[in-house]
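Have a look at the structure below, then the notes.
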Amino acid sequence: MIRAKVLIRAFIALAAIGPSVFLLANGYGGDDGGNAVANGAFVVGLLLEVVAFLGASGVRRDFDPDDAWRTVWTLIAAFLGVRILAELRLATLLFGLVPFHYEGAPTWLFVYVVVFRYLYTVSDLLFLWALVLTIRSYKDSGFDFRVTPRDYAFMAPLVIAPVIAYELRHMLTLTGDTYLTGYRLVAVTINMALACLCIVVRRYALQMGGGAVARVWTAVVLATAARVASFVSVAVVAQLLPTGAIVASDFVEQYLITIFAACWVLAIVYQRDVRRRASGAPGTTMDGSLGG
Amino acid sequence: VPSDSGSQAVLDARTAVARVLKPVVGEFVAKTAISMASKRIGKTPETIELSDAQDLATALRPALRTLLGTPTAEALVARIRALGDGESAGEVTP
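Protein chains in written order, with the numbering used here: chain Z, 21 to 312; chain U, 117 to 210.
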């Protein structure tokens with residue numbers, strides 16, 4: 021059994037040493053060294069996403085077929101599953117198994133590289149749906165969950181973020197890939213919607229006053245924040261580091277995606293803990309049944 | 117939770133139910149849930165007793181099902197019902 025606290029410490033340690041390892045590798049090994057660390061972060065993130073997907077698939081089976089929460093967790097499992105497909109596609113590109121798209125490339129390559137990129141968008145829409153159902157379930161419970169003016173104040177800058185992203189669209193990709201710019205504008209818009217919904221969910225979790233359920237959704241909110249930050253980071257790093265920005269930008273993006281995946285693993289562990297606590301068992305643990 | 121005085125029994129009933137709910141749904145929801153369920157059975161949180169545990173559990177069930185899903189809600193309902201049978205709410209690590 022692995023305690024959630026041990027898991028959190030391991031994630032924090034990884035998060036703390038990641039940037040140092042990158043700086044060292046980039047300093048001594050140049051772009052190749054930096055790229056190797058960025059790719060390593062990508063692999064760690066992908067493995068964590070697989071663990072989260074297996075866990076979410078198990079969690080959905082914990083609910084009765086007619087439970088709204090089963091639908092929520094089915095959508096979350098689908099979200100993570102489709103993301104894994106998208107990440108595997110990216111892996112084939114990062115590790116040179118499939119070439120990147122180029123002008124005059126065959127149609128299959130265009131579909132594989134450019135169109136399948138929107139698998140991320142499909143997965144985000146599934147998660148958006150899950151969040152809407154979550155909010156509805158909270159509201160339908162009869163408890164007085166409310167969004168405060170402070171939450172709307174947080175949402176306001178998020179809502180204008182897609183406009184800012186459009187204005188800074190030349191910063192959204194450093195490789196001159198116009199298809200990637202278009203995808204990132206779509207992704208920023210959807211992720212801002214996700215972030216706004218997460219602010220609502222986070223408020224409800226706060227209004228619970230602690231407890232295992234609140235921890236689940238706090239971890240989900242943190243995961244979404246890391247995902248949104250991964251998009252913003254591309255433009256920010258490009259502005260801060262004009263030289264060698266591509267490798268730094270790649271690392272920061274993959275680093276934040278790894279944090280995103282780690283938060284999802286934690287959310288699954290906490291969700292398992294809800295059931296455990298409801299039946300009166302002590303402690304927060306993750307056992308071998310994580311995969312369902 | 118046994119007690120000698122009536123006021124102690126009332127306090128214990130509310131505390132015992134809260135102790136079951138709090139680790140799962142949090143302090144505020146537990147408080148609101150007890151208040152809502154007490155009203156539904158014609159009492160207040162201050163006047164509920166352990167003998168009301170069966171009715172209280174039944175009154176709590178719909179909201180808990182919506183908030184947590186059926187299996188988790190049923191586990192909590194069963195533990196609250198058990199309070200009425202004189203069983204312990206169970207210690208849960210905070």
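The beta-carbon is built from N, C-alpha and C at its ideal position, and this holds for glycine as well.
Cross-strand partners of residue i (DSSP beta bridge)
i: residue 177 (chain U); result: DSSP output for residue 177 (chain U) lists no bridge partner at all.
i: residue 80 (chain Z); result: None, per the DSSP bridge assignment.
Separation of residue j from residue i, as counted between CA atoms
i: residue 313 (chain Z); j: residue 44 (chain Z); result: Summary: the structure shown does not reach residue 313 (chain Z), with chain Z confined to residues 21 through 312, and so no result is reported for it.
i: residue 197 (chain Z); j: residue 280 (chain Z); result: 25 angstroms
i: residue 166 (chain U); j: residue 176 (chain U); result: 15 angstroms
i: residue 73 (chain Z); j: residue 104 (chain Z); result: 8 angstroms
i: residue 251 (chain Z); j: residue 90 (chain Z); result: 30 angstroms
i: residue 134 (chain Z); j: residue 267 (chain Z); result: 21 angstroms
i: residue 121 (chain U); j: residue 128 (chain U); result: With a pLDDT of 47 at residue 121 (chain U), under the threshold of 50, the predicted position of this residue should be treated as unreliable, though the coordinate-derived value follows. Near 11 angstroms, if we compare the C-alpha coordinates of residue 128 (chain U) and residue 121 (chain U).
i: residue 197 (chain U); j: residue 191 (chain U); result: 10 angstroms
i: residue 195 (chain U); j: residue 136 (chain U); result: 7 angstroms
i: residue 34 (chain Z); j: residue 186 (chain U); result: 37 angstroms
i: residue 296 (chain Z); j: residue 106 (chain Z); result: 33 angstroms
i: residue 154 (chain U); j: residue 168 (chain U); result: 9 angstroms
i: residue 216 (chain Z); j: residue 163 (chain U); result: 41 angstroms
i: residue 130 (chain U); j: residue 157 (chain U); result: 14 angstroms
i: residue 187 (chain Z); j: residue 249 (chain Z); result: 18 angstroms
i: residue 51 (chain Z); j: residue 271 (chain Z); result: 11 angstroms
i: residue 148 (chain Z); j: residue 300 (chain Z); result: 33 angstroms
i: residue 241 (chain Z); j: residue 205 (chain Z); result: 21 angstroms
i: residue 147 (chain U); j: residue 42 (chain Z); result: 48 angstroms
i: residue 298 (chain Z); j: residue 82 (chain Z); result: 13 angstroms
i: residue 56 (chain Z); j: residue 49 (chain Z); result: 9 angstroms
i: residue 129 (chain Z); j: residue 142 (chain Z); result: 20 angstroms
i: residue 213 (chain Z); j: residue 25 (chain Z); result: 31 angstroms
i: residue 181 (chain U); j: residue 290 (chain Z); result: 18 angstroms
i: residue 236 (chain Z); j: residue 173 (chain U); result: 24 angstroms
i: residue 179 (chain U); j: residue 149 (chain U); result: 8 angstroms
i: residue 85 (chain Z); j: residue 112 (chain Z); result: 37 angstroms
i: residue 246 (chain Z); j: residue 160 (chain U); result: 44 angstroms
i: residue 313 (chain Z); j: residue 184 (chain Z); result: In the structure as shown, chain Z starts at 21 and stops at 312, and residue 313 (chain Z) therefore has no counterpart that could be examined.
i: residue 273 (chain Z); j: residue 60 (chain Z); result: 12 angstroms
Simplified DSSP state of residue i, which is helix, strand or coil
i: residue 118 (chain U); result: Bear in mind that a pLDDT of 43 at residue 118 (chain U), under 50, signals an unreliable position, so the number given afterwards is only what the model happens to contain. The answer is coil: DSSP assigns residue 118 (chain U) none of H, G, I, E or B.
i: residue 290 (chain Z); result: helix
i: residue 139 (chain U); result: helix
i: residue 244 (chain Z); result: helix
i: residue 164 (chain U); result: coil
i: residue 130 (chain Z); result: helix
i: residue 155 (chain U); result: helix
i: residue 124 (chain Z); result: coil
i: residue 103 (chain Z); result: helix
i: residue 314 (chain Z); result: The structure shown does not extend to residue 314 (chain Z), since chain Z spans only 21 to 312, so no value can be given for it.
i: residue 250 (chain Z); result: helix
i: residue 174 (chain Z); result: helix
i: residue 148 (chain Z); result: helix
i: residue 205 (chain U); result: Residue confidence is low: residue 205 (chain U) scores 48 on pLDDT, short of 50, so the model does not pin down where it sits. Its coordinate-derived value is still stated next. Residue 205 (chain U): coil per DSSP, three-state reduction.
i: residue 141 (chain Z); result: helix
i: residue 299 (chain Z); result: coil
i: residue 231 (chain Z); result: coil
i: residue 166 (chain Z); result: coil
i: residue 270 (chain Z); result: helix
i: residue 276 (chain Z); result: helix
i: residue 118 (chain Z); result: coil
i: residue 188 (chain Z); result: coil
i: residue 85 (chain Z); result: coil
i: residue 185 (chain U); result: coil
i: residue 197 (chain Z); result: coil
With 7 angstroms as the C-beta to C-beta threshold (strictly closer), list the residues of the stretch 217-243 of chain Z near chain U in chain order. 227, 228, 229, 230, 231, 232, 233 and 234
What residues from the stretch 126-157 of chain U come within 9 angstroms of chain Z, judged by C-beta to C-beta, listed N to C? 136, 137, 138, 139, 140, 141, 142, 143, 144, 145, 146, 147, 148, 149 and 152
Interfacial residues, the stretch 171-192 of chain U to chain Z, with Cβ spacing under 9 angstroms: Those would be 178, 179, 180, 181, 182, 183, 184, 185, 186, 187, 188, 189, 190, 191 and 192, in chain order.
Listed from N- to C-terminal order along the chain, which residues in the stretch 274-308 of chain Z have their beta-carbon within a distance smaller than 7 angstroms of any beta-carbon of chain U? 294, 295, 297, 298, 299, 300, 302 and 303
Specify whether the stretch 276-294 of chain Z and the stretch 63-82 of chain Z touch according to this definition: at least 3 beta carbon pairs, one from each stretch, less than 8 angstroms apart. yes
Along the stretch 70-89 of chain Z, where does the CB come closer than 9 angstroms to a CB of chain U? Name the residues. 82, 83, 84, 86, 87, 88 and 89
Inspect the CB distances between the stretch 116-128 of chain Z and the stretch 154-166 of chain Z and report whether three or more fall short of 8 angstroms. Touching, no, given that fewer than three Cβ pairs across the two stretches are closer than 8 angstroms.
Going along the stretch 158-181 of chain Z in order, which residues come within less than 8 angstroms of chain U, judged by CB to CB distance? 158, 160, 161, 162, 163 and 164
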